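Data block below; observations after.
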Amino acid sequence: MILFPAIDIKDGKVVRLQQGKFDDVTVYSEVPLEMATKWKEQGAQWLHIVDLDGAKTGEIKNLDTILNIAKTIGIPVQMGGGVRSHDAIHRLLEGGVRRVVLGTKVVDDMDFLKAALDRWKDRIAVSLDCSNGKVSTRGWTQTSDIRAVDIVKDLEEMGLKYLIYTDISRDGMLSGPNIQELMALLKATTIPVIASGGISNLADVENLKSMQEFGIIGAITGKAIYEGTLDFKKAIEICLLNE
Numbered sequence: 394m395i396l397f398p399a400i401d402i403k404d405g406k407v408v409r410l411q412q413g414k415f416d417d418v419t420v421y422s423e424v425p426l427e428m429a430t431k432w433k434e435q436g437a438q439w440l441h442i443v444d445l446d447g448a449k450t451g452e453i454k455n456l457d458t459i460l461n462i463a464k465t466i467g468i469p470v471q472m473g474g475g476v477r478s479h480d481a482i483h484r485l486l487e488g489g490v491r492r493v494v495l496g497t498k499v500v501d502d503m504d505f506l507k508a509a510l511d512r513w514k515d516r517i518a519v520s521l522d523c524s525n526g527k528v529s530t531r532g533w534t535q536t537s538d539i540r541a542v543d544i545v546k547d548l549e550e551m552g553l554k555y556l557i558y559t560d561i562s563r564d565g566m567l568s569g570p571n572i573q574e575l576m577a578l579l580k581a582t583t584i585p586v587i588a589s590g591g592i593s594n595l596a597d598v599e600n601l602k603s604m605q606e607f608g609i610i611g612a613i614t615g616k617a618i619y620e621g622t623l624d625f626k627k628a629i630e631i632c633l634l635n636e
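Shown next as structure tokens:
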């Protein structure tokens, strides 16, 4: 299982939002590349980068910062936030990003996703950010009536290879992943799932690791590693056990 350290960028800085609220921001670093280097040195195999300004506005705002990390860090980068055009996907992949994460645009326009998957295949992931099982869009500022378990069949038929599932109610709360919703999703699809939201300690990582047989291939952690409730090095060791 891959443990992705999250690097959320807002106004060029590494921050965390509480439950996705843009007015509840904690700044952890003024220099994103330094933070990326820190996690790499502690054993990260991948990075998960989000352009929060992009997620909110619909246009990538921290492109130079993100591509600088992707080109220099030496481990693969998965990036999302504000990716709403094929041109944006092309620029990111050409600029060194390994995998692009699509969210809002997919809910609004499945044809856009189909074309992206046809062209870039396994370099595309879809992020379903959910509240009470329903998909949220526009940087978590709007909730749709679409249930995650209903949309995954369409995604599967299109050939999607990676699905990121975030439980907004757990994000940044250090309250543990929403295992019940995760299991419901895993039962509804054969797409490999990366879990996000709520990880607070090594026990949470062990719980997710034990769900590998059901389709969990990774987990994204943010606040826990920034606040120190999760020992990142030890968490990586757990993830690599029996791999």
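Sequence positions in the sequence shown follow the working numbering and run 394 to 636.
No residue lacks a Cβ here, since even glycine has one placed at the ideal position from N, Cα and C.
Computed from a prediction, not measured in an experiment: that's the story for all the values here.
- Cα atoms of P570 and I587: separation of roughly 12 Å, rounded to the nearest angstrom.
- Taking one beta carbon from each stretch, the segment 427 to 434 and the segment 411 to 418 have fewer than 3 pairs nearer than 8 Å; the two do not touch.
- As DSSP reads the structure, F397 sits in a beta bridge with I613.
- For K406, the enclosing beta strand (DSSP E) starts and ends at 406 to 411.
- Rounded to the nearest angstrom, the gap between the Cα atoms of V424 and I395 is 24 Å.
- Only exposed fits T583, as fewer than 16 other CB atoms lie within 10 angstroms of its CB.
- Annotation for L634: no alpha helix (DSSP H) segment contains it, and DSSP assigns it neither H nor E.
- Annotation: the segment 554 to 587 contains the following complete segments of the alpha helix (DSSP H) (minimum length 4 residues), in chain order: 572 to 581.
- Under the three-state reduction of DSSP, I466 is assigned to coil, being neither helix nor strand.
- Look at the beta carbons and you see the segment 460 to 472 not touching the segment 496 to 509: under three pairs across the two are nearer than 8 Å.
- Taking the C-beta atoms as reference points, G615 is found nearer than 8 Å to A399.
- With the rule of 3 Cβ pairs closer than 8 Å, the segment 543 to 556 does not count as touching the segment 612 to 629.
- Excluding its 5 nearest sequence neighbours in each direction, V490 has C-beta neighbours in its own chain below 6 Å: A463, V470, M472, listed in chain order.
- Look at D444 here: in three-state DSSP terms it is strand.
- Between L579 and G608 the beta-carbon gap is near 5 Å, inside 8 Å, which marks them as a contact.
- Residue burial annotation: H479 is exposed, with fewer than 16 other C-beta atoms found within 10 angstroms of its C-beta.
- Residue environment analysis places R492 among the buried positions, since at least 16 neighbouring C-beta atoms fall within 10 angstroms of its C-beta.
- For L521, there is no enclosing alpha helix (DSSP H); the enclosing beta strand (DSSP E) has its first and last residue at 517 to 524.
- DSSP places L495 outside any alpha helix (DSSP H); the residue lies instead in the beta strand (DSSP E), whose first and last residues are 492 to 495.
- The segment 503 to 515 makes contact with the segment 552 to 561, as at least three CB pairs between them are under 8 Å.
- The straight-line gap separating the alpha-carbon atoms of L595 and C523 is approximately 24 Å.
- Burial state of G621 is exposed, judged by a 10 Å Cβ sphere holding fewer than 16 other Cβ atoms.
- Taking each of K602, L601, K627, T559 in turn and checking the Cα distance to H441, the smallest one comes out for T559.
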